[in-house]
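Trainee: Sharing a structure, written as structure tokens. Questions coming.
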Amino acid sequence: MGIVSRLLWPDERFDGFGSITPEFLRSQGVSALICDIDNTLVTYDDPEPTEQAGAWLREMLSSGIRIAFVSNNKPARVELFNRSVGAPAYGDAGKPKRKYLDIVMSEMGKTPEECAVLGDQLFTDVFSGKWVGTKAYLVPPIKDKKTLLFRFKRALEKPILKAYERSRKKK
Ligand SMILES: [Mg+2]
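Counting in the working numbering, the sequence shown runs from 906 upward without gaps.
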């Protein structure tokens, strides 16, 4: 396996967070999900969990799956989003830096093998998870920003995801 496939290929892709079930996580040995917020669980415009996101988070928690939030957005945004959830949560995380993933894992008392990072971006979410040794689950962005930087990032992700899909078909 090359370095790109080891650090940038998600373990699974889902069509949205709602397709991830506690049963699936348990079958993977995952008991804690470290979630990105923006474009993964809600759009940038939703300050708090939508009805769908809230129901899904409650289902995870009541099934014994630990939830944490690690976001590159402002701490105030993370705090407001987390108000009704009360999970370990950090903003300004600077993913792909691993610092806050390490912090939440030790806060939850979990090893990397017991955790999965869930996010919408390869170069921040997936990379940071694979770097610390968790599983990484990728969802498509709910509603992408149309800035040049975001379009550039998505364009860079494309060939990597294509190679990933090709390799999966071979299996
Ligand atoms: Mg995101």
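Beta carbons: idealized from backbone N, C-alpha and C, even for Gly.
1. Quick check on DSSP: helix, strand or coil for Ala981?
2. Around ligand 1, what residues have a beta-carbon under 6 Å from a heavy atom of it, in chain order?
3. Can you check whether the CB of Trp914 is closer than 9 Å to the CB of Ser1072?
4. Report the CB separation of Ser897 from Glu953 in whole angstroms; it is logged as a contact under 8 Å.
5. With distances taken Cα to Cα, identify the nearest neighbour of Phe922 among Met1013, Val947, Asp997.
6. Is it right to say Ser924 is buried, meaning 16 or more other beta carbons lie within 10 angstroms of its own, or is it exposed?
7. Roughly how far, in whole angstroms, is the beta-carbon of Asn978 from the beta-carbon of Ile942, given that I think they are within contact range, below 8 Å?
Mentor: Per the coordinate set shown:
1. Position 76 of the sequence shown, counted from the start, is the residue given in the question as residue 981. Residue state, collapsed to three classes: helix.
2. Any heavy atom of ligand 1 counts here; residues with a Cβ closer than 6 Å to one of them, in chain order, are Asp941, Asp943, Asn944, Thr945, Gly1024, Asp1025, Gln1026.
3. Start at 1 with the first residue of the sequence shown, and residue 1072 comes out as number 167. Start at 1 with the first residue of the sequence shown, and residue 914 comes out as number 9. Yes, the pair counts as a contact, with Cβ atoms nearer than the cut-off.
4. Given that the chain is displayed from residue 906 to residue 1076, the structure contains no residue 897 and the question cannot be resolved.
5. The residue you call residue 922 lines up with position 17 of the sequence shown. For the set Met1013, Val947, Asp997, the Cα lying nearest the Cα of Phe922 is the one of Val947.
6. For the purposes of this step, residue 924 is taken as the residue at position 19 of the sequence shown. With fewer than 16 other Cβ atoms from the protein chains shown falling within 10 Å of its own Cβ, Ser924 counts as exposed.
7. For the purposes of this step, residue 978 is taken as the residue at position 73 of the sequence shown. For the purposes of this step, residue 942 is taken as the residue at position 37 of the sequence shown. That belief holds up - the Cβ atoms of Asn978 and Ile942 are roughly 7 Å apart, short of 8 Å.
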